[in-house]
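Trainee:
Numbering (my numbering), first residue to last: 81 to 351.
#1: First and last residue of the alpha helix (DSSP H) that includes residue 255?
#2: Does residue 338 pass the burial test, meaning 16 or more other C-beta atoms within 10 Å, or should it be called exposed?
#3: Quick check: what's the CA-CA separation for residue 212 versus residue 110?
#4: Three or more beta-carbon pairs under 8 Å between the stretch 168-176 and the stretch 221-232, yes or no?
#5: Assign residue 159 to buried or exposed, taking buried as 16 or more other Cβ atoms, counted over all protein chains shown, within 10 Å of its Cβ.
#6: Locate the alpha helix (DSSP H) running through residue 194, then write down its first and last residues.
#7: At least one CB of chain B closer than 8 Å to the CB of residue 264: is that the case?
#8: Relative to the C-alpha of residue 200, which candidate in 217, 154 and 91 has its C-alpha closest?
#9: Give me whichever residues DSSP pairs with residue 226 in a beta bridge.
#10: State the start and end residues of the unbroken alpha helix (DSSP H) segment that holds residue 124.
#11: Suppose the cutoff is 8 Å on Cβ atoms and the five residues either side in sequence are ignored; what does the same chain contact list for residue 100 look like?
#12: Just the Cα atoms here: how many angstroms apart are residue 133 and residue 340?
#13: Among 248, 146 and 344, which has the Cα closest to the Cα of residue 305?
#14: Report yes if the CB atom of residue 229 is closer than 8 Å to the CB atom of residue 257, and no otherwise.
#15: How many Å lie between residue 248 and residue 242 at the Cα?
#16: At what residues does the alpha helix (DSSP H) containing residue 188 begin and finish?
#17: Closest to residue 234 by C-alpha separation, out of 187, 188 and 181, would be which residue?
#18: Does residue 117 come out as helix, strand or coil in the three-state DSSP assignment?
#19: Kindly give me the distance between the Cβ atoms of residue 215 and residue 189, rounded to whole angstroms, as I take these residues to be in contact under 8 Å.
#20: In chain order, which continuous runs of the alpha helix (DSSP H) of length 4 or greater are located wholly inside the stretch 282-320?
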């Protein structure tokens, strides 16, 4: 973070809430000010670094009391599995549902944080895109984004926590939206919605926009170590020789890297 945040960041790291309160009293803008590097705000620092902070809930409450913006930290907490910060923000009344834009639910699903996603659903979050419905494994929600076999406007656009993975000219393309949702379903181990999307035109070997690994559904299944999904994807034509755009590796390489040696033989037979 920028130098101006240094003393506050040190106070947070040292669990010195008295010092932090003094700093916020002397300069209230510290709670709302954005950094040009690193974590954008102090509350987002807490959301992302919860495991390294002794009393993250108390720090979060102090910053919220000081007027800290809460939407981005809620999303960060969902992605980082920062339960204390997440619960604190929800208890403070931060809305968990977002009709437009990337949401905390989207973030939790992207990182396959199923318990976080369930918590958010319990507190009012709803799948607002084809991608989210696919990752949740909700057939009914998925079907609601199709009318007479065509995608509704609300099915997209493709979004991601990594903006550079979604070129502007691809975000609203129907094929990319379906392919992105297909990979999302596989990434979340949701075969039922993956099968339905394949029936609706998803391309099994697509490398859709929206994923930092820039790979296929088979890469995701190999990464997650899901033998049933790997076998199913191969049975419907997945090509294990395709290399991702992040580290230039095929599905065998991904399985090995993530310690899923049991998948290596299956994937090699599929070549």
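Positions of the beta carbon are idealized from the N, C-alpha and C atoms, including for glycine. Computed from a prediction, not measured in an experiment: that's the story for all the values here.
Mentor: Result, derived from the coordinates:
#1: For this step, residue 255 is matched to residue 175 along the chain shown. Per DSSP, residue 255 belongs to the alpha helix (DSSP H) from 254-267.
#2: Residue numbering aside, residue 338 sits at position 258 when the chain shown is read from its first letter. Exposed, by the Cβ-count rule.
#3: Here residue 212 refers to the residue found at position 132 of the chain shown. Here residue 110 refers to the residue found at position 30 of the chain shown. Looking at the two C-alpha atoms, the distance is approximately 34 Å.
#4: no
#5: Here residue 159 refers to the residue found at position 79 when the chain shown is read from its first residue. Residue 159 should be labelled buried.
#6: By 1-based counting over the chain shown, the position of residue 194 is 114. Where residue 194 is concerned, the enclosing alpha helix (DSSP H) stretches over 194-202.
#7: Of the protein chains in the structure, only one exists, and it is not chain B.
#8: Counting from 1 along the chain shown, the entry for residue 200 is found at position 120. Closest option to residue 200, Cα to Cα, is 154.
#9: Walking along the chain shown from the start, residue 226 turns up at place 146. Residue 226 is bridged to 231.
#10: Position 44 of the chain shown, counting from 1, holds the residue named residue 124. Residues 122-128.
#11: Position 20 of the chain shown holds residue 100. Hits under 8 Å: 88, 91, 92, 139 and 142.
#12: As a working note, residue 133 is residue 53 in the chain shown. As a working note, residue 340 is residue 260 in the chain shown. Distance between the alpha carbons of residue 133 and residue 340 is about 33 Å.
#13: Your numbering for residue 305 matches position 225 in the chain shown. Nearest C-alpha to residue 305: 344.
#14: Taking the chain shown and counting its residues from 1, the one referred to as residue 229 is at position 149. Taking the chain shown and counting its residues from 1, the one referred to as residue 257 is at position 177. No, they are not a contact pair.
#15: Position 168 of the chain shown holds residue 248. Position 162 of the chain shown holds residue 242. One C-alpha to the other measures close to 13 Å.
#16: Mapped onto the chain shown, residue 188 falls at position 108. Start and end: 184-190.
#17: Here the question's residue 234 lines up with position 154 in the chain shown. Comparing Cα-Cα distances from residue 234 to each of 187, 188 and 181, the minimum goes to 181.
#18: The residue given as residue 117 occupies position 37 in the chain shown. In this structure, residue 117 counts as coil in the three-state DSSP scheme.
#19: As a working note, residue 215 is residue 135 in the chain shown. As a working note, residue 189 is residue 109 in the chain shown. With a Cβ gap of about 4 Å, residue 215 and residue 189 count as contacting.
#20: 297-304 and 307-315
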